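Number of protein chains: 2
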Amino acid sequence: MDNAGRQASPSFDRRRRRHLQTREEILDAALEVMSEEGVAALNLTEVARRVGLRQPSLYQYFDSKTAVYDALFSRGMRQHTAALRDAASAAGGGLAALRAAMIATVRFSVDNPVLSQLLFTRAVPGFTPSAEAYRPSLEAQELLQSELATAVQRNELHPEADSERGRGLLIALAAGVSSLQDANDPGAAFDDGRFTPLIEPALEMYASYFAPDR
Amino acid sequence: MDNAGRQASPSFDRRRRRHLQTREEILDAALEVMSEEGVAALNLTEVARRVGLRQPSLYQYFDSKTAVYDALFSRGMRQHTAALRDAASAAGGGLAALRAAMIATVRFSVDNPVLSQLLFTRAVPGFTPSAEAYRPSLEAQELLQSELATAVQRNELHPEADSERGRGLLIALAAGVSSLQDANDPGAAFDDGRFTPLIEPALEMYASYFAPDR
DNA sequence: GTCTATAATAGGATAGAC
DNA sequence: GTCTATCCTATTATAGAC
């Protein structure tokens, strides 16, 4: 191959690292712009300005505006899945992990409202995520399902909790609290939100509805 | 006044009715376009084409694109409030009315996803509804609160249900089910939705959590 | 890899004839 | 009240020099 030697050289690695770093900066700037102008109103000229480039130079990093959205989607899904996984594993599995995961999800949604719109709603007209970008969300689903099974096995929840209905209700609670917060107290962080504390009684309500002895 | 005589004449009334009717047709077409292209991607040229007019003629009916959004918002809020009010009064007040109102809200959201995005989220960048357009939603809030009070008085719900926390949880349930449906099974009507049936156990969960004897 | 210049398009809004 | 014509601006994307 032509570039076999170049791939092995340290300068090539440095260049590639720099390239990837600039890509990240572009994505960060894109999120900023979307925060200010709206998810659907991503403006590449403004993004370029913020990273200190001219607009055509962005095409060295992304093939199109849609590619920027897709990279944001992919990175966002990975971040969300990681947050969920970390919270669940720190809580030690089972019902405690489910609680922690749902709280982490609300926190993520509220602290990243723009990204959440991109990830969880159809806010951007032409955009459909690629299969690769969508994949991390499958891991998150599996993780949730596995913790539900654990909670049932540990006799922390009724077996009915580990059904499509039970899973749906759990997710609906997190989605509901997030959207309530976003609609009625936008801009507030998770820890300052007027509605985010509702996730606690919501999970309590869920746990008592699916109590093991029912 | 100059037009005192004209206002009294039947032809003036006819003309005014026709004008208002065309306004409605424009709003309907706008919703159609938004359904296909995205809430934020309202395109006045396309709207004009669908109602059989040229784009500049729309300015006889609305001063600007924002005015179209505002009229949609106003009409949508009135429709939602009416649906909620009708459902509640048909159910006879109290807990039954609350259930009916929440189901009506989910139905409205799922059957009008685009309109719901405009009403309940910040999907359209530059747009903020006028105070007048926003008013009907206050009536809906009062109605909900009054039925909560009734349900407590009738000993159908624990007094704690009629608190900010209780109200928040109730609304979060409806919002959660709606957003779950929209995100995971978009396009389906309320009666065919894979997730809309969750509103029933959700309300059951709510009622048992706020059972009067707890 | 970044730039200038520019193409290509789209879409909101206004002027003025009929 | 509707039209044609047009303006104006914004913004994605490409060509080609350095």
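Top to bottom, those sequences are chains A and B. Under the numbering used here, the first residue of the first sequence carries the number 1, and numbering increases by one thereafter. Under the numbering used here, the first residue of the second sequence carries the number 1, and numbering increases by one thereafter. Beta carbons are placed, not taken as given, at the ideal position from N, Cα and C, and that holds for glycine. Remember, predicted model here, so these are calculated numbers, not experimental data.
What are the boundary residues of the alpha helix (DSSP H) that R85 of chain B is part of?
Along the second sequence, read from residue 1 onward, the residue named residue 85 of chain B stands at position 85. Here the alpha helix (DSSP H) through R85 of chain B covers 65–90.
Once DSSP output is grouped into helix, strand and coil, what is the label at R15 of chain A?
For the purposes of this step, residue 15 of chain A is identified with residue 15 of the first sequence, where counting begins at 1. In the structure shown, R15 of chain A sits in a helix (DSSP, three-state: H, G or I).
Taking the runs of the alpha helix (DSSP H) that are 4 residues or longer, which of them lie wholly in the region 107–185 of chain A?
113–120, 131–153, 164–184
Against E37 of chain B, what residues of chain A qualify as contacts under a CB-to-CB distance less than 7 Å, listed in chain order?
As a position in the second sequence, residue 37 of chain B is number 37, starting the count at 1. Ordered by position in chain A, the residues that pass the 7 Å Cβ test against E37 of chain B are P125.
Between the alpha carbons of L98 of chain B and L203 of chain A, how many angstroms are there, rounded?
By one-based count along the second sequence, residue 98 of chain B stands at place 98. By one-based count along the first sequence, residue 203 of chain A stands at place 203. About 21 Å.
In the DSSP assignment, find the unbroken alpha helix (DSSP H) run with A202 of chain B in it and report its ends.
Along the second sequence, read from residue 1 onward, the residue named residue 202 of chain B stands at position 202. Its alpha helix (DSSP H) spans residues 199–209.
Along chain A, in chain order, which residues have C-beta atoms closer than 7 Å to that of P186 of chain B?
Position 186 of the second sequence, counting from 1, holds the residue named residue 186 of chain B. Per Cβ cutoff of 7 Å: R122.
Using a Cβ-Cβ distance cut-off of 7 Å, determine whether Y209 of chain B contacts chain A.
Counting from one through the second sequence, the residue named residue 209 of chain B turns up at place 209. The beta carbon of Y209 of chain B falls within 7 Å of a beta carbon belonging to chain A, placing the residue at that interface.
Buried versus exposed, by CB contacts within 10 Å (16 or more), T128 of chain A
Position 128 of the first sequence holds residue 128 of chain A. T128 of chain A is exposed by the Cβ-count criterion.
Against chain B, does V177 of chain A count as a neighbour if the rule is that its beta carbon must be under 7 Å from one of theirs?
The sequence position of residue 177 of chain A within the first sequence is 177, counting from 1. With 7 Å as the cut-off, V177 of chain A counts as an interface residue toward chain B.
Counting only Cβ pairs nearer than 8 Å, list the residues of chain B close to M205 of chain A.
As a first step, residue 205 of chain A must be located in the first sequence, where it is residue number 205. Under the 8 Å cutoff, chain B gives L169, M205, Y206, Y209.
Does the region 134–148 of chain A come close enough to the region 79–88 of chain A that 3 or more CB-CB pairs lie under 8 Å?
yes
According to the neighbour-count rule (16 or more other Cβ atoms, all chains shown, within 10 Å of its Cβ), is L20 of chain A buried or exposed?
Within the first sequence, numbered from 1, the residue matching residue 20 of chain A stands at position 20. By the Cβ-count criterion, L20 of chain A is exposed, with fewer than 16 other Cβ atoms from all chains shown falling within 10 Å of its own Cβ.
Simplified DSSP assignment, three categories, for F190 of chain A:
Position 190 of the first sequence, counted from the first residue, corresponds to residue 190 of chain A. In the structure shown, F190 of chain A sits in a helix (DSSP, three-state: H, G or I).
Any idea what DSSP makes of D213 of chain B, helix, strand or coil?
Counting from one through the second sequence, the residue named residue 213 of chain B turns up at place 213. The answer is coil: DSSP assigns D213 of chain B none of H, G, I, E or B.
Are the C-beta of A4 of chain A and some C-beta of chain B separated by less than 7 Å?
Numbered from 1 along the first sequence, position 4 holds the residue referred to as residue 4 of chain A. In this prediction, A4 of chain A scores a pLDDT of 49, lower than 50, which makes its location untrustworthy; the coordinate-derived value is nonetheless stated afterwards. Taking Cβ atoms only, chain B never reaches closer than 7 Å to A4 of chain A, which makes this a no.
First and last residue of the uninterrupted alpha helix (DSSP H) at V39 of chain B
By 1-based counting over the second sequence, the position of residue 39 of chain B is 39. Unbroken run through V39 of chain B: none, as it is neither H nor E.
Is the Cβ-Cβ distance between F109 of chain A and S178 of chain A less than 7 Å?
As a first step, residue 109 of chain A must be located in the first sequence, where it is residue number 109. As a first step, residue 178 of chain A must be located in the first sequence, where it is residue number 178. Going by the sequence as given, residue 109 of chain A is Ser instead of Phe. Contact flag set, yes.
Any non-hydrogen atom of the ligand PLP closer than 6 Å to V47 of chain B Cβ:
For the ligand PLP, the structure offers nothing, since it holds no ligand at all.
Can you tell which of A:L84, A:L72, A:A189 has the C-alpha that lies nearest to the C-alpha of L138 of chain A?
Position 138 of the first sequence, counting from 1, holds the residue named residue 138 of chain A. L138 of chain A has its Cα closest to that of A:L84, out of A:L84, A:L72, A:A189.
At the 7 Å Cβ level, is L198 of chain A part of the contact set with chain B, yes or no?
Counted from its first residue, the first sequence places residue 198 of chain A at position 198. Chain B contact via Cβ: present.
Tell me which residues share the same chain as F190 of chain B and place their Cβ nearer than 6 Å to its Cβ, disregarding the 5 neighbours each side in the sequence.
One-based indexing of the second sequence puts residue 190 of chain B at position 190. Correct list, in chain order: R107, V110, D111, T196.
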